[in-house]
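Under my numbering, the first residue of the sequence shown carries the number 107, and numbering increases by one thereafter. In this text, a Cβ means the ideal position worked out from N, Cα and C, and glycines have one as well. Below: the structure, in C-alpha cells.
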Amino acid sequence: MAQPVLPDDILHLLCEELANQKQFDTLFHCACASRALAVPAVTHLYRSHHQASVRDGEDDLYGLSPATKLLTIQRWSILWRSIIASALDASLFPYCRYIKTLDFRDLGNLLDEDQFRNKVFKQFFAGPLKQFEKTETFVSFKGKKGTKLKNAAIIDAIGEAVTQHTPMLELISGELSSDALVRWTPRLPRLQTLEIYDGGPLEDEQVHAAICEHCPQFNTLMIYTWKSENSDQKLAAFLGALRPNSLKQLHILNDIEAGAESFLALNQHGESLEDLWICISTESAPFLSLLQGCTALKHLRIEDHHGQINLEGTQNDVFLEVVAWLKKCTNLQQLVFPNFQSGAAIATSVMLEHDVRLTHLELANYILKDHRTFHQALVHQQSSLKYLSLSGDTDEMFRDDLDILVDSLKQLTQLRELELRLPEIFRDEHFIVIVRNLTLLEDLYVNGLELNDVVLGSIAALANLRNITISGISKFTVDGLLDFVSHLGPGNSGIRVSIDMADPDTMLPEESVSVVRECLVDKTGGSLDYLALRDPNISEFESDSD
C-alpha cells in the first residue's frame, strides 16, 4: 500500500522553515529522498542560496589548507555554474527561477580567486558556459605575454542571460553598469533592492526611468562609493525621480559627499524611509537638520569617518535641530553613532523622549567623563533596550563616573547583547554587579582592568548565554574555569568562550587549557579560545629592533 503524501503546500512550508534555519544539508537530503520532496526542497535551497556558507565572506579562505580551500572554491563555483546553466536550460531544475538574490559581487570575488583562475576556471566555463569565457592578453613586467579573465564582461554576459529567467528576483548587487541596469530592469518586476559598488550608474536618466517604469516595488538602495564629481546633486536627482514615499532603506557606506541636495530629496520619502545609514563630513554635517521631514525612521546610523565633527560645540543650532528632528521619530528603534563626537549628546536627548523606545544602541569613540547624563539616560530605555555597544575614551574618569555607569548598566534587564569596549575601568566587583540581573543575556563582550575567578560564577549563572568574550586582563585558574563549566546549563548549549588577554604571569599551560576545552565540549558542545595578553616568551621591553 502506497504511503500517503503530504500536500505540496505543507511540503513547501516545511522546506521553507528548514531554509530559514539554514539547514541546507537537510534540504539537500530531502531533495534526494523522493520526487514529491525534490521540487520544494530545491526551490528553497536556491531561494536561500545567497546564505550558503560556501560563498565568499562566510568561510575564511585564508585560514584553510590549500586542499580544503580548493575544495571550497570548487563547491562555490558549482553553485554559480548550476544557476547559470539553468538559464541556458542545461540543468535538471530551473534553479534561476527560484532565486530572489543575484549577488554579482560574490561572482566577482570567485573570479578573482587565484585557485579559481589556476585550477577551476576551465571546468567552470566548459560546455554551454563556454560562451561566457572572456579573456584578454597582457604583457608582464618581464615582457611575458599572458591571458586574464575580463571580469566585467563576464559578469555582464552572465547577467544578461540569467536575468531573462529570474521572475522572483528581489535583490541585485555588484559593480554594475548603467547599460546593464537599463537592459535588465524591464525583466525584474519584483526588484526591491539595488546594491551597487559605485553610484555612477545612477547618474543615467535612463536608469531612473527604467526603475520607475518596470520596478514598482523598488524600495532599497545601498551605495559603497561614488567616484564622480557632483555626487550630491546626482544622488538627489535619482531620489527625486523615484515615486514619492517609496524608498524604505538607504545605506551609503562611505562619504560620497552627499549633502544638502540629497538630504532635501530624502524628505520626498519622509513617510516611507525607515532605515538610513549616512557618512558625513565637515562639509555635509551643517545640513543634517534638512532631514527633519524623515520622521518614519526605525534605524539610523550617522558615521563620521574622520571623527572631527562636534555639532554641539561648534554648530549648536544645527545640533538642536537634529535633536528636535529625532525626537519626532517615535518609531525609532536602532541608533548607531560610530566615531561621531556629538553622538552621545544626541542619544541622550533621544533616550529621554517619552515616546521613543530604543531596542538597539551603539556608540563608539565618545569621552565617558563628559557624558554622565548619557549614562543616566540609559535607564529610561530599560524596558526596551536589547542591544547595547559602548566604546570610548575612559581617561580621567572619577569613581562617581564609574558608579553611575555601573548603576545604569545593571538596570538594563532586557538586554540580550552587551558589548563594553571600555578599557581598564571594570574590576571584578563592577562586572559582578552589572551582570547579576541581566539574566536574558545571550552575547557578552567586556574589557576589564583585572578579572579573576570570582566573576566566573556570575557568568555561569546567565542561563541563556551563548557567546562570552573577556578581553580584559584575566587571571583565571584551571579550577575556576572547570567550576564555571560545571555550572553551565542547557541554555548554554554551544557556548563560545573567548579569553583574549590572559595575564602572562598566571597564564595556564596548554595542557590545562585542553582539559577545560574538553570539559566544555562534553558539557555544552561549545568552544574555548585562550590567548595571552602578549607572548610570555618575549620581554615587555624588548624592542622591534632587538
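Could you pull out every unbroken alpha helix (DSSP H) segment of at least 4 residues lying fully inside the segment 487-575, listed in chain order? 505-515, 534-542, 562-566
For the candidate residues G449, E535, D506, whose alpha-carbon lies nearest to that of S495? G449
Count the other CB atoms, across all protein chains shown, that sit within 10 Å of the CB of G306; report buried if there are 16 or more and exposed otherwise. buried
Could you pull out every residue in the same chain whose Cβ sits closer than 6 Å to the Cβ of A263, ignoring the five residues on either side in sequence? F238
Apart from the five residues on each side of it in sequence, which residues of its chain come closer than 8 Å, Cβ to Cβ, to L458? A483, H486
Label K251 either buried or exposed according to how many other C-beta atoms from any shown protein chain fall within 10 Å of its C-beta, with 16 as the threshold for buried. exposed
Just to confirm my understanding: we take R187, look at its own chain, exclude 5 residues before and 5 after, and list those with CB closer than 7 Å. What are they? F230, L235
Name the one or two DSSP bridge partners that S279 has. D209, E301
CB K492 to CB Q520, shorter than 8 Å? yes
Do L508 and I531 come within 8 Å of each other at the CB atom, strictly closer than that value? yes
Let's see if you can read the secondary structure: which residues bound the beta strand (DSSP E) around E468? 466-473
Where F344 and Y636 are concerned, what is the direct C-alpha to C-alpha distance, given to the nearest angstrom? 51 Å
So who's on the other strand from T326, going by DSSP bridges? T299, Q355
Starting from the N-terminal side, write out each stretch of the alpha helix (DSSP H) that is 4 residues or longer and does not extend beyond the segment 198-244. 210-218, 227-230
What does a CB cutoff of less than 7 Å around R349 pick up in its chain, not counting 5 residues either side in sequence? C318
Three-state secondary structure (DSSP) of I452: helix
Please state whether DSSP places A638 in a helix, a strand or coil. strand
Quick one: what's got a C-beta closer than 8 Å to E548's C-beta in the same chain, skipping five residues either side? R522, E523, N570, L571, R572, N573
Just how far apart, CA to CA, sit L117 and T149? 11 Å
T253: first and last residue of the uninterrupted beta strand (DSSP E) it sits in: 251-255
For A451, collect the residues of the same chain with a Cβ closer than 6 Å to its Cβ; drop the 5 residues on either side in sequence, then sort them by chain order. E418
Report, in whole angstroms, the separation of the C-beta atoms of S514 and H466, which I expect to be a contact under 8 Å. Not really, about 17 Å apart at Cβ, beyond 8 Å.
Residue of F443, V428, S395 minimising C-alpha distance to G413: F443
Rounded to a whole number of angstroms, what is the C-alpha to C-alpha distance between C385 and L359? 7 Å
For the beta strand (DSSP E) containing D606, list its first residue and its last residue. 602-608
Take the Cβ of R505 as the centre, count every other Cβ of all protein chains shown within 10 Å, and call the residue buried at 16 or more, exposed below. exposed
Quick check on the burial criterion: 16 or more other C-beta atoms within 10 angstroms. Buried or exposed for E164? Because E164 sits at a pLDDT of 45, beneath the cut-off of 50, its placement in the model cannot be relied upon, and the following sentence gives the value as read from the coordinates. So E164 counts as exposed.
Start and end of the beta strand (DSSP E) containing W383? 381-386
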